[in-house]
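As structure tokens, the structure follows; a few thoughts come after it.
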Amino acid sequence: EPEVTQTPSHQVTQMGQEVILRCVPISNHLYFYWYRQILGQKVEFLVSFYNNEISEKSEIFDDQFSVERPDGSNFTLKIRSTKLEDSAMYFCASTVLAGQPNEQFFGPGTRLTVL
Amino acid sequence: GENVEQHPSTLSVQEGDSAVIKCTYSDSASNYFPWYKQELGKRPQLIIDIRSNVGEKKDQRIAVTLNKTAKHFSLHITETQPEDSAVYFCAASKRGNKLVFGAGTILRVKS
Chain A
1 EPEVTQTPSH QVTQMGQEVI LRCVPISNHL YFYWYRQILG QKVEFLVSFY NNEISEKSEI
61 FDDQFSVERP DGSNFTLKIR STKLEDSAMY FCASTVLAGQ PNEQFFGPGT RLTVL
Chain B
1 GENVEQHPST LSVQEGDSAV IKCTYSDSAS NYFPWYKQEL GKRPQLIIDI RSNVGEKKDQ
61 RIAVTLNKTA KHFSLHITET QPEDSAVYFC AASKRGNKLV FGAGTILRVK S
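Protein sequence lines, in the order shown, are assigned to chains A and B. The working numbering applies: residue 1 is where the first sequence begins, and numbers increase by one. The working numbering applies: residue 1 is where the second sequence begins, and numbers increase by one.
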């Protein structure tokens, strides 16, 4: 069964450094998302992406964050200058259709630790 | 924007008993309500979902009910087993867009 994959599984970085989290959505999916989950808290929406542009972003997704689909398979989340409070699990998700209620498939997550 | 409230935050049941988790949502335009199970350190896994044109859906020991008028939906797990122990999240979405999650329920099934 196709799955969303993410790399790395764990990233440790110093405050102020840039990080790039990578995701490979399921191949026929068209709508992509990033969510984050601070330890012990709920999953929070960051950004959705469709047709090579951002569809929606949350208040968390400020100028330090950016997303990109650099090729036909990868979907990346960049944090330009990490802060301690960026430490969280970051999940990528994808769904097959836009604008319709369909299951979002989650990747295994990248645990980001900012020191 | 959408807000999803989930109760209880923790739930302990004896093996074989039923468990019920309840969520309310604020945006009447929401039309998709999935439930995710998350084990420690793992990704959220969809266990059941319901769309707004349906009042109830069942899959073996798991069922979900939706009351659109009251804007609440519930997860029912019957004959609970120790492997049902996990964190359960409800979520709401409209037009297939972002998921807004509840705060989660830690379910412990005691054997």
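Glycine included, every Cβ here is placed at the ideal spot set by N, Cα and C.
Cross-chain neighbours of residue i in chain A, by beta carbon under 8 Å
i      : result
B:S28  : What B:S28 touches in chain A: nothing, since even the nearest Cβ is about 15 Å away.
B:A103 : Q41, K42
B:S74  : Going along chain A, no residue has its Cβ under 8 Å from B:S74, so there is no contact; the nearest lies around 18 Å.
Per-residue contacts from residue i into chain B (C-beta, under 7 Å)
i      : result
A:S121 : The question about residue 121 of chain A has no answer, for chain A in this structure spans 1 to 115.
Short Cβ contact (8 Å threshold) for residue i with residue j
i      : j      : result
A:I26  : A:V4   : yes
A:V96  : A:H29  : yes
B:I21  : B:S74  : yes
A:R22  : A:Q11  : no
A:Q17  : A:T110 : no
B:H76  : B:A63  : yes
A:F106 : B:P44  : yes
B:Y25  : B:K71  : yes
A:S58  : A:F49  : no
A:Q37  : A:F91  : yes
A:L112 : A:A88  : yes
7 Å Cβ cut-off: residues of chain A touching residue i
i     : result
B:Y88 : Result: empty, since nearest Cβ-Cβ is about 11 Å, beyond 7 Å.
B:R43 : F91, F106, G107, P108, G109
B:N3  : Under the 7 Å cutoff, chain A gives no residues; its nearest Cβ is about 12 Å from B:N3.
B:N31 : P101
Contact set between residue i and chain B, taken where Cβ atoms lie within less than 8 Å
i      : result
A:E120 : This structure gives no information on residue 120 of chain A, because the portion of chain A shown stretches from 1 to 115.
A:E56  : N97, K98
Chain B contact residues for residue i, given Cβ-Cβ distances below 9 Å
i     : result
A:E1  : Ordered by position in chain B, no residue passes the 9 Å Cβ test against A:E1, which lies about 12 Å from the chain.
A:F65 : Within 9 Å Cβ-Cβ: nothing; A:F65 doesn't reach chain B, min ~15 Å.
A:F61 : Here the premise fails: no neighbours, minimum Cβ distance about 11 Å.
8 Å contact criterion, which residue i and residue j should meet: CB distance rounded
i      : j      : result
A:V24  : A:N102 : Their Cβ separation, rounded to whole angstroms, is 19 Å, which puts A:V24 and A:N102 out of contact at 8 Å.
B:I50  : B:L40  : Rounded, the Cβ-Cβ distance is 26 Å, inconsistent with contact.
B:V109 : B:T78  : 12 Å between Cβ atoms; not a contact.
A:W34  : A:L84  : With 8 Å as the limit, A:W34 and A:L84 do not qualify as a contact, their Cβ atoms being about 19 Å apart.
B:Y89  : A:V43  : Residue identity differs from the one stated: residue 89 of chain B is Phe in this sequence, not Tyr. Their Cβ separation, rounded to whole angstroms, is 6 Å, which keeps B:F89 and A:V43 in contact under 8 Å.
Residues that residue i contacts on chain D, provided the C-beta gap is smaller than 7 Å
i     : result
B:S93 : You won't find chain D in this structure, because its protein chains are A and B.
| message | With three or more C-beta pairs closer than 8 Å as the rule, is the segment 44-56 of chain B touching the segment 9-18 of chain B? | response | no
| message | Just to confirm the assignment: which complete beta strand (DSSP E) runs, minimum length 3, are found wholly within the segment 15-41 of chain A? | response | 19-24, 31-37
| task | Please determine if the segment 53-69 of chain A and the segment 3-10 of chain B are in contact, where contact requires at least 3 C-beta pairs separated by less than 8 Å. | result | no
| query | Curious, which full-length beta strand (DSSP E) runs of at least 3 residues does the segment 51-105 of chain A contain? | reply | Within the segment 51-105 of chain A, the complete beta strand (DSSP E) segments at least 3 residues long are 53-57, 65-68, 75-79, 88-95, listed from N- to C-terminus.
| said: Under 8 Å, with one C-beta from each stretch per pair, do the segment 71-87 of chain B and the segment 19-37 of chain B reach the 3-pair mark? | reply: yes
| query | Of all the beta strand (DSSP E) runs that stay within the bounds of the segment 35-107 of chain B, which reach a length of 3 or more residues? | reply | 45-51, 56-59, 62-67, 72-77, 86-92
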